[in-house]
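This report concerns only the one structure given below.
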Amino acid sequence: MQINDIRIILHLLQSEDLKTTANTFHITSGALSKKLKRIENVINTQLFDRIGRNIKANSNGQKFFQHGKSLLNSYDTMLTEFSNPKTKTWLNIAGPAILVDYCLTSIIPALNTQDIELNLVTVYEGEAIKRLESNRADIAITTLEAISGRQNDNLKSLVLTQSEFKLVAAKSHPLAQKQPLTMSQVCRAAFAIPSSSPFCGITRGIGSDGWPDHQHPRNIAYRCDSLSSLKAIVSDAKAIAYIPDIAQNADLITLELDEKLQKNIEQICLVYNPSHASKRLKQLIYQLEQNTKPAKH
Numbered sequence: 001m002q003i004n005d006i007r008i009i010l011h012l013l014q015s016e017d018l019k020t021t022a023n024t025f026h027i028t029s030g031a032l033s034k035k036l037k038r039i040e041n042v043i044n045t046q047l048f049d050r051i052g053r054n055i056k057a058n059s060n061g062q063k064f065f066q067h068g069k070s071l072l073n074s075y076d077t078m079l080t081e082f083s084n085p086k087t088k089t090w091l092n093i094a095g096p097a098i099l100v101d102y103c104l105t106s107i108i109p110a111l112n113t114q115d116i117e118l119n120l121v122t123v124y125e126g127e128a129i130k131r132l133e134s135n136r137a138d139i140a141i142t143t144l145e146a147i148s149g150r151q152n153d154n155l156k157s158l159v160l161t162q163s164e165f166k167l168v169a170a171k172s173h174p175l176a177q178k179q180p181l182t183m184s185q186v187c188r189a190a191f192a193i194p195s196s197s198p199f200c201g202i203t204r205g206i207g208s209d210g211w212p213d214h215q216h217p218r219n220i221a222y223r224c225d226s227l228s229s230l231k232a233i234v235s236d237a238k239a240i241a242y243i244p245d246i247a248q249n250a251d252l253i254t255l256e257l258d259e260k261l262q263k264n265i266e267q268i269c270l271v272y273n274p275s276h277a278s279k280r281l282k283q284l285i286y287q288l289e290q291n292t293k294p295a296k297h
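In the UniProt record's numbering, the protein residues as written are 1 to 297.
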């Protein structure tokens, strides 16, 4: 079993998709299937459950990932010490798409991307934490709420930024021309809402977006499975929405109210396990800590 074979199978255990991994390593899906079968024969263990035409890592696959990741970390550390400094190290990042996309703007500048290969997996917060705990991810990007109260002293977190929910509309929406707005005007307007939280994937309350429906019932016209479809509806001036400001784009403006709405703010964290952190990851954490320190006056 070659080191590169282990690297490929670990990627497959992450992606659970033959085509994705095959494309990443520039091999055919057939060649990858043969490689997987050969490794399963060598260790006399099946790493995936076959579900129709799909594959899903089973408990043995998860164990293989943990041991393989540890082996690769040791191998990569050895190469860093004794070999070409340009040798690349993997860095696996997991989290909700909205959080990962936004936080990459602070993570990438703190990395030397010439010697690190990023592997991004978009999953909800709970799954991101599970991947981190099982050593299938190096970093989880979550809200502070997602890790508060978790019984795992091995995990550490670093607050990267925060996001405040805002009431938004397209510039061409009728309400955009009538600001500041009364709560009555807002609640009569058509709302687009997520069918579940974009962070944890769980249905929360009536709208899953943190709007105080118990105080201010509104006209819910659209329920959307994805944030992108919700934003498309709002950008087309068909509805307004209450979304995290990190999801707001140039097509949308913030609507101002003539009364104060209680602030809804989420702290966004990078979560990691120091005991499993590679040298490169520790360097990244240090750099991010320096970048997030308040300026001295």
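Note that the Cβ used here is the ideal one computed from N, Cα and C, for glycine as well.
To the nearest angstrom, how far is the alpha carbon of residue i from that of residue j?
i      : j      : result
Ile108 : Lys279 : 16 Å
Pro96  : Thr161 : 15 Å
Ser172 : Thr203 : 30 Å
Leu281 : Asp138 : 8 Å
Leu158 : His276 : 16 Å
His297 : Asp209 : Here His297 scores only 43 on pLDDT, less than 50, and its place in the model should not be relied on; the value that follows carries that caveat. About 37 Å.
Pro212 : Asp225 : 20 Å
Thr182 : Leu255 : 11 Å
Asp115 : Glu127 : 27 Å
Cys187 : Asp251 : 22 Å
Gln287 : Ser197 : 31 Å
Asp5   : Ser228 : 37 Å
Val271 : Ala140 : 5 Å
Thr89  : Asp76  : 6 Å
Asp17  : Lys35  : 14 Å
Lys63  : Ala31  : 24 Å
Glu145 : Gln283 : 26 Å
Ile3   : Lys130 : 25 Å
Can you tell me where the alpha helix (DSSP H) holding residue i begins and where it ends?
i      : result
Thr24  : 18-24
Asp5   : 3-15
Gln185 : 183-188
Thr105 : 97-107
Among the options, which has the Cα closest to the Cα of residue i?
i      : options                        : result
Glu40  : Asn54, Thr28, Leu120, Asn60    : Asn60
Ala237 : Ala190, Asp17, Gln215          : Ala190
Pro194 : Arg223, Leu252, Ser74, Phe48   : Arg223
Phe65  : Ala22, Gln14, Arg150           : Gln14
Val234 : Val123, Gln290, Leu167         : Leu167
Ser148 : Thr21, Cys269, Asn4, Leu10     : Cys269
Gln290 : Arg150, Ala110, Glu259, Ile141 : Ala110
Gln248 : Arg7, Ile27, Tyr102, Thr28     : Tyr102
Ser33  : Ile43, Pro174, Ala22, His26    : Ala22
Ile43  : His67, Gln215, Thr292, Lys260  : His67
Would you mind giving the Cβ-Cβ distance between residue i and residue j, rounded to the nearest angstrom? I have them listed as a contact below 8 Å.
i      : j      : result
Ala241 : Leu257 : In fact, because the Cβ distance is near 15 Å, the residues do not count as touching under 8 Å.
Pro244 : Ser184 : With a Cβ gap of about 25 Å, Pro244 and Ser184 do not count as contacting.
Thr105 : Glu125 : With 8 Å as the limit, Thr105 and Glu125 do not qualify as a contact, their Cβ atoms being about 19 Å apart.
Leu120 : Ile98  : Rounded, the Cβ-Cβ distance is 13 Å, inconsistent with contact.
Thr28  : His11  : Going by Cβ atoms, the distance from Thr28 to His11 rounds to 15 Å, so no, they are not a contact pair.
Name the two residues that bound the continuous beta strand (DSSP E) containing residue i.
i      : result
Ile206 : Unbroken run through Ile206: none, as it is neither H nor E.
Asp225 : Element bounds for Asp225: n/a, residue is neither H nor E.
Glu117 : 116-122
Ile268 : 265-272
Measuring only from the beta carbon, is residue i closer than 7 Å to any heavy atom that is part of the ligand SAM?
i      : result
Ala232 : With respect to the ligand SAM, the structure shown offers nothing to examine, as it has no ligands at all.
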